[in-house]
Structure formats: C-alpha cells, structure tokens
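These protein sequence lines map, in sequence, to chains V and S. Under our numbering, the first residue of the first sequence is numbered 53, with each subsequent residue one higher. Under our numbering, the first residue of the second sequence is numbered 3, with each subsequent residue one higher. Glycine residues also receive a C-beta, built at the ideal position from the N, C-alpha and C atoms. These notes are about the structure you will find just below.
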Amino acid sequence: MAAGSTYTSLATVSPSGTSSVIVMSSIPSTYTDLVIVAQYLKSGTGSSRLIFNNDSSSGLYSQTVLYANGTSASSGRDSGNWLFLLDYLQSSTTNANMAIVSIMNYSNTTTHKTVLEHSGVVDKGTVASCGIWKNTAAINRIDIADASNFSAGTTFTLYGITAA
Amino acid sequence: MPNTYTLIASSTAGAGGTTAFDFTSIPGTYTDLLLKWSARQDLSAVAASDFIYINGLQSSYSGRWVEGNGPTQPSSYSYTGNFTYANAEGNGANTTASTFANAEIYIPNYTVSSNKSMLSESVMENVSTNAYIVLGVNLWSNTSAITRVTISTSATNVTGGAQKFVQYSTAYLYGIKNS
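Have a look at this one:
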C-alpha cells in the first residue's frame with residue numbers, strides 16, 4: 053500500500069476504567085470497509101460484545117468461531133443479539149486482550165453486514181471468527197460492551213478504508 | 003482526518019538470499035506497527051519457521067496459536083522462549099518450487115510502556131501436501147518501546163544462522179497512526 057493512500061483513522065477511544073461500553077457513533081458512510089483495532093484490559097473475564105447501530109435486541113446476529121487455547125482447537129457457533137470478541141475463550145484480566153475486526157461494505161443498504169475477527173490473549177489463546185448482522189442498514193454506530201469495566205491502557209481505534 | 007498507513011521500510015532478498023530481515027531505528031511516531039512478509043527458506047524441509055525478535059533481544063516471549071493443514075483437525079500449540087513464532091509453518095525447500103509463505107504480525111501501541119501483545123497470521127501453500135494456515139497471539143513481556151524488529155531464519159541467532167530466505171523473499175514494515 054502506498055503511503056497514506058486509503059487507511060484513515062476515524063476515532064480512538066481510551067477509557068479510564070469507569071466505562072463498560074465503548075461507543076463509536078456518527079460513522080461517516082464515505083469509506084468502503086471498517087477496521088477496528090482493539091487492545092483492551094478488563095477487570096473481569098467474559099467476552100466483550102460487538103453491537104451495530106445500537107441493535108441489541110433483534111436476534112439478527114450469528115457467528116461461527118474457531119478457537120484454540122494452546123492445547124486443542126475447536127469450533128462453535130452463536131446466534132443472538134450481538135457478536136463476540138474472543139468468543140468461547142473469554143478475556144484475560146492479567147494480559148492485554150487484542151482483536152482486529154474487519155467489517156466489509158458497511159455502508160451499503162442492500163446486503164447484510166459480514167465481519168471477520170481475529171482476537172487473542174496470551175494466557176487464553178486465539179480466536180478467528182466470521183459473523184453476520186442480518187440487517188441491510190448502513191452501519192453508523194458501533195458499540196463494544198462488556199459486563200465489566202475496561203481498564204486504563206485500553207484503546208479501541210476505528211479505521212475507514214477506501215477502495216478507490 | 004489524516005491518512006495513517008505508512009510504509010516505514012522494506013527489504014528484498016537478493017541473489018544470495020539473506021539470513022534475516024532486520025528493521026532497525028524504527029521511529030516512535032506511529033501508534034501501531036504492521037509487519038508483512040512473503041518468504042521462502044532454503045531449509046531442506048517442508049515447513050520452515052520464521053522467528054521474530056524485538057529490539058534484538060532473546061527473552062520473555064510467549065504465545066499460542068492454531069494451525070490447520072487441510073486433511074486433519076486443527077491443532078493448537080503454545081510456547082515460551084527466546085523468540086516469537088509469527089510464522090510457525092513457512093515454506094521450506096521441500097515445498098513446491100517458487101512458492102512463498104505469506105505472513106503478518108500486528109503490534110499495537112509499540113511505544114507504550116507496557117508488555118507488547120501481538121496478533122499474527124500466516125499461510126503456506128504446497129501443491130502436493132502439507133500446506134498450513136496459522137493464526138496466533140503473541141506476547142513480549144517487556145515494557146520498552148520497540149525500535150527494532152527482526153525476521154530471522156534462526157531460533158538461536160537474531161540475525162540468522164545457516165539457513166537463508168531465498169531470493170525474492172520480501173518484508174515490509176508499516177507504521178499506523180490512530181490520529
């Protein structure tokens with residue numbers, strides 16, 4: 053990729069330890085794809101949730117997951133009200149959890165929204181997943197929610213990628 | 003909003019090959035680093051691991067990964083040791099000719115004074131058998147800012163040993179800013 057051609061930082065959120073929800077709203081529709089880069093510390097275990105356009109009740113999400121803990125690898129599937137980061141393995145409270153999430157064609161209004169995720173933390177293992185939000189609306193808001201607070205040192209950055 | 007994805011350095015192995023791709027004097031002006039490489043080793047084996055060293059150091063690395071090779075169920079492994087396994091199953095000399103493994107490792111917040119978490123992905127193709135895909139998470143338990151990243155053919159020597167990356171192997175280091 054040529055220097056500075058198509059990869060633009062849209063927002064960075066760095067919580068201080070008192071928030072369990074990260075909100076990135078008013079996402080412009082002028083890009084082709086979105087990428088979230090997350091490095092996050094938490095006060096509790098459990099998998100963080102990825103929610104589009106504040107829709108956490110429709111049941112329109114599903115996700116297929118390959119997860120591995122350093123000893124064995126397995127696959128699983130979820131359907132429900134959100135997608136997960138670090139699904140099945142859950143998060144660490146001792147090391148920084150990390151995830152890279154790609155959301156393709158997020159602004160079109162004709163197709164369901166598909167997601168690729170690679171996440172991991174060294175004391176738990178690594179996860180690769182594909183997910184879908186079965187909604188044709190353009191994505192203009194992303195929430196990352198958890199049952200516990202995100203600790204200081206956490207960063208969530210949203211990038212927009214332009215195809216042309 | 004500024005563009006944020008910048009090529010810091012690149013390297014291509016010449017006719018004699020190279021024992022390592024060594025990126026030094028990495029500036030601290032970015033938020034994250036992304037290292038991408040396409041490489042093949044002259045090791046007489048199917049799978050040839052690529053080893054990552056940070057700041058020229060050989061301690062405090064750990065990781066876990068999953069790998070699949072097609073015909074068998076995926077396997078998972080872990081390690082602690084003197085290097086980071088970002089491409090555990092690269093192309094060795096006994097794979098299909100002119101076939102190079104592709105790999106990348108993403109290092110967020112590389113200047114921050116905390117341990118460094120990383121995600122890695124790699125693929126190796128081989129027309130006959132034993133092709134691999136590997137996804138991993140890695141940790142360097144050191145709070146120093148990263149100023150040097152080395153992709154080596156050696157598990158014991160930062161700048162490589164007897165094996166080489168063959169001609170046309172390439173490596174690229176990108177810096178990514180979040181503001």
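Chain S beta carbons: is any one of them nearer than 7 Å to that of residue i?
{"i": "M150 (chain V)", "result": "yes"}
{"i": "Q91 (chain V)", "result": "yes"}
{"i": "M53 (chain V)", "result": "With a pLDDT of 41 at M53 (chain V), under the threshold of 50, the modelled position of this residue cannot be trusted; read the value that follows with caution. By this cut-off, M53 (chain V) is an interface position."}
{"i": "S78 (chain V)", "result": "no"}
Which term fits residue i, buried or exposed, when burial requires 16 or more other beta carbons within 10 angstroms of its beta carbon?
{"i": "A204 (chain V)", "result": "exposed"}
{"i": "Q91 (chain V)", "result": "buried"}
{"i": "K176 (chain V)", "result": "buried"}
{"i": "A54 (chain V)", "result": "Confidence in A54 (chain V) is poor, its pLDDT being 42 and thus under 50, which makes the residue's placement unreliable; the coordinate value appears in the next sentence. Per the 10 Å Cβ criterion, exposed."}
{"i": "T99 (chain V)", "result": "Thr is not the amino acid found at residue 99 (chain V); the sequence shown has Ser there. So S99 (chain V) counts as buried."}
{"i": "N106 (chain V)", "result": "exposed"}
{"i": "Q75 (chain S)", "result": "exposed"}
{"i": "M3 (chain S)", "result": "Residue placement at M3 (chain S) is flagged as unreliable, the pLDDT there being 46, under the threshold of 50; a coordinate-derived value is accordingly withheld."}
{"i": "P80 (chain V)", "result": "exposed"}
Just grab the DSSP bridge partners of residue i for me.
{"i": "V75 (chain V)", "result": "V:D195"}
{"i": "S143 (chain S)", "result": "Partner(s): none; S143 (chain S) has no beta bridge."}
{"i": "G83 (chain S)", "result": "S:Y63"}
{"i": "S78 (chain S)", "result": "S:V68"}
{"i": "D52 (chain S)", "result": "S:N89"}
{"i": "I103 (chain V)", "result": "V:D195"}
With a threshold of 7 Å between beta-carbons, can residue i be considered close to chain V, or not?
{"i": "L66 (chain S)", "result": "Note on identity: in this sequence residue 66 (chain S) is Arg, with Leu being the wrong assignment. Yes, R66 (chain S) lies at the interface with chain V (some Cβ there is under 7 Å from its Cβ)."}
{"i": "G72 (chain S)", "result": "no"}
{"i": "V183 (chain S)", "result": "Lying before the first or after the last residue shown, residue 183 (chain S) is absent from chain S, which here runs from 3 to 181."}
{"i": "M3 (chain S)", "result": "Residue placement at M3 (chain S) is flagged as unreliable, the pLDDT there being 46, under the threshold of 50; a coordinate-derived value is accordingly withheld."}
{"i": "L121 (chain S)", "result": "yes"}
{"i": "T86 (chain S)", "result": "no"}
{"i": "N111 (chain S)", "result": "yes"}
Could you please give the first and the last residue of the uninterrupted beta strand (DSSP E) stretch that includes residue i?
{"i": "Q91 (chain V)", "result": "D85 to Y92"}
{"i": "S13 (chain S)", "result": "Y7 to T14"}
{"i": "V68 (chain S)", "result": "Y63 to G70"}
{"i": "L59 (chain S)", "result": "Element bounds for L59 (chain S): n/a, residue is neither H nor E."}
{"i": "S66 (chain V)", "result": "Where S66 (chain V) is concerned, there is no enclosing beta strand (DSSP E), given that its DSSP letter is neither H nor E."}
{"i": "D34 (chain S)", "result": "D34 to A41"}
{"i": "Y211 (chain V)", "result": "T207 to I213"}
{"i": "S154 (chain S)", "result": "V151 to S154"}
{"i": "Y176 (chain S)", "result": "T172 to I178"}
- Item | Within the segment 103 to 141 of chain S, ranges of the beta strand (DSSP E) (whole runs, at least 3 residues) | 103 to 109 and 118 to 126
- Message: In chain order, what are the residue ranges of uninterrupted beta strand (DSSP E) at least 3 long that sit wholly in the segment 124 to 195 of chain V?
- Response: With a minimum length of 3 residues, the continuous beta strand (DSSP E) runs that stay inside the segment 124 to 195 of chain V are 125 to 132, 149 to 155, 165 to 173 and 177 to 185.
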